[in-house]
Amino acid sequence: MTVLVINSGSSSIKYQLVDPESGASLASGLVERIGEEIGHIEHKYNGEEINIDETIPDHGYGLRKVLDLFDSVGPKLADANIKAVGHRVVQGGKYFSKAAVIDDAVQAKIEELCPLAPLHNPAHLKGIEVARELLNVPHVAVFDTAFFQQLPAEAAVYALDREVAEKYEIRRYGAHGTSHKYISEKVSEILGRNDLKQIVLHLGNGASVSAVVNGHAVDTSMGLTPLEGLVMGTRTGDIDPAVVFHLQRVAGMSTDEVDTLFNKKSGLKGLTGDNDMRKVWERADSGDANAVEALEVYVHRLLHYIGAYTAVMGGLDVITFTAGAGENDDRLRAAVCKRLASFGIAIDDSANAVRSKEPRTISTEDSSVRVMVVPTNEELAIAQQAMELI
Ligand code: ADP
Numbered sequence: 001m002t003v004l005v006i007n008s009g010s011s012s013i014k015y016q017l018v019d020p021e022s023g024a025s026l027a028s029g030l031v032e033r034i035g036e037e038i039g040h041i042e043h044k045y046n047g048e049e050i051n052i053d054e055t056i057p058d059h060g061y062g063l064r065k066v067l068d069l070f071d072s073v074g075p076k077l078a079d080a081n082i083k084a085v086g087h088r089v090v091q092g093g094k095y096f097s098k099a100a101v102i103d104d105a106v107q108a109k110i111e112e113l114c115p116l117a118p119l120h121n122p123a124h125l126k127g128i129e130v131a132r133e134l135l136n137v138p139h140v141a142v143f144d145t146a147f148f149q150q151l152p153a154e155a156a157v158y159a160l161d162r163e164v165a166e167k168y169e170i171r172r173y174g175a176h177g178t179s180h181k182y183i184s185e186k187v188s189e190i191l192g193r194n195d196l197k198q199i200v201l202h203l204g205n206g207a208s209v210s211a212v213v214n215g216h217a218v219d220t221s222m223g224l225t226p227l228e229g230l231v232m233g234t235r236t237g238d239i240d241p242a243v244v245f246h247l248q249r250v251a252g253m254s255t256d257e258v259d260t261l262f263n264k265k266s267g268l269k270g271l272t273g274d275n276d277m278r279k280v281w282e283r284a285d286s287g288d289a290n291a292v293e294a295l296e297v298y299v300h301r302l303l304h305y306i307g308a309y310t311a312v313m314g315g316l317d318v319i320t321f322t323a324g325a326g327e328n329d330d331r332l333r334a335a336v337c338k339r340l341a342s343f344g345i346a347i348d349d350s351a352n353a354v355r356s357k358e359p360r361t362i363s364t365e366d367s368s369v370r371v372m373v374v375p376t377n378e379e380l381a382i383a384q385q386a387m388e389l390i
């Protein structure tokens, strides 16, 4: 039994064929530059990688090509026993607190939510439409916001005029929920305990923190959109909203220009010129003062959230690092944890230095809080949620 997981973007489709029971990834690939002059398809199966460059006019053409590749390169669709297609959907708004089998009504709701996720939901819909046409199995939408849909009001409500907030559905929706749910459940499973106060640090190119008590999210750093919160690869994270008015009034920037500045040209990229944490460390190591400062700002913001969420939860049992930088960057983890020494948190430097794809504990025996590294796997989480639902 397998699930085909699809993440459809505005000009790309990422896919992975997953065995939800063993967790194995059986094939994966990417269609990119859809609608451009020359598109690209990459299909990986059995250690082999097929690359095709050709014009891909639309998502339907791209997905049809991918299905052809399954049959010509493998694994053959007839043998793959696909039970469901799991679609990643960024915004589920107020409607979805868990995954949903996609029928016309669900599809209409995803469409209705486009104004809240103008870059993402329309792109997901393109993938959903063509996949439903081409693959005659149940299709399941797994929402990035679902894990945070039940956030307590104290965390979800912005101190904004109530009428305006209600009319325009402005609240904290969060994002990366599939990863935060997967990681917090994995930690519970590994430790054999549900009664845990957890902080999950998802530190990829996009980055977010969540506070999870007894399996329920009680706070998260991303807000109406994924712009709020931590310093990210290219996004500002938290910033005084008055900076927007200032740039519009004083610099004459348009709304779209500020949007692009905050989402694409800020964060580590804005501070150093590079959005990749590895490059930022290289710059810092070679004496680049801006990179040193950027790392300090990045860690400082993380400390803000760890302190705040510990207070919100009234205690803390586990901090877990995940995603690209969280899983691979031992210096970053050490920089954060060393600053938490006054709370009795201590990491074992040799355990922290281990590179592994396995979940692991990096705190010392007598650390007041367990510190873990747990690799995230959003595709597997989507496949499992899809399978559970059907
Ligand atoms: P996303 O899914 O948000 O694109 P990932 O979770 O794959 O991102 O994380 C990608 C980021 O992880 C890279 O941009 C890089 O900053 C960081 N990263 C990956 N490997 C390392 C490493 N060895 N050291 C530091 N950072 C790393």
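If you use full-length UniProt numbering, the sequence shown corresponds to residues 1 to 390, in order. Yeah, the Cβ is synthetic: ideal placement off N, Cα and C, and Gly gets one too.
Simplified DSSP state of residue i, which is helix, strand or coil
i: residue 55; result: coil
i: residue 120; result: coil
i: residue 81; result: coil
i: residue 45; result: strand
i: residue 88; result: strand
i: residue 96; result: coil
i: residue 132; result: helix
i: residue 32; result: strand
i: residue 387; result: helix
i: residue 12; result: coil
i: residue 200; result: strand
i: residue 140; result: strand
i: residue 372; result: strand
i: residue 62; result: helix
i: residue 176; result: coil
i: residue 127; result: helix
i: residue 272; result: helix
Near the ligand ADP: residue i beta-carbon under 7 angstroms from a heavy atom
i: residue 323; result: yes
i: residue 194; result: no
i: residue 307; result: no
i: residue 278; result: yes
i: residue 328; result: yes
i: residue 275; result: yes
i: residue 229; result: no
i: residue 233; result: yes
Cβ-based neighbour list, residue i, same chain, cut-off 6 angstroms, excluding 5 preceding and 5 following
i: residue 14; result: 7, 30
i: residue 298; result: 231
i: residue 244; result: 258
i: residue 186; result: 374
Closest Cα partner of residue i within the set the options
i: residue 127; options: 238, 331, 262, 87; result: 87
i: residue 284; options: 198, 149, 184, 332; result: 332
i: residue 122; options: 273, 340, 12, 318; result: 12
i: residue 342; options: 326, 369, 328, 353; result: 369
i: residue 56; options: 10, 327, 154; result: 10
i: residue 407; options: 108, 221, 146, 51; result: What the structure shows of the chain is the stretch from 1 to 390, and residue 407 is not part of that stretch, so it cannot be assessed.
i: residue 40; options: 223, 235, 61, 180; result: 61
i: residue 98; options: 72, 148, 120, 20; result: 148
i: residue 340; options: 307, 54, 75, 109; result: 307
i: residue 358; options: 321, 95, 267, 265; result: 321
i: residue 295; options: 311, 269, 310; result: 269
i: residue 237; options: 212, 203, 247; result: 203
i: residue 37; options: 227, 267, 53, 43; result: 53
i: residue 166; options: 146, 94, 125, 181; result: 94
i: residue 171; options: 325, 225, 218; result: 225
Residue i: CB within 7 angstroms of a non-hydrogen atom of the ligand FMN
i: residue 204; result: As presented, the structure is devoid of the ligand FMN, carrying the ligand ADP as its sole ligands.
Sequence-distant residues of the same chain with beta carbon closer than 7 angstroms to residue i, five excluded per side
i: residue 137; result: 82, 83, 84, 85
i: residue 190; result: 359
Nonlocal neighbours in the same chain, by C-beta distance under 8 angstroms from residue i, ignoring five residues either side
i: residue 216; result: 150
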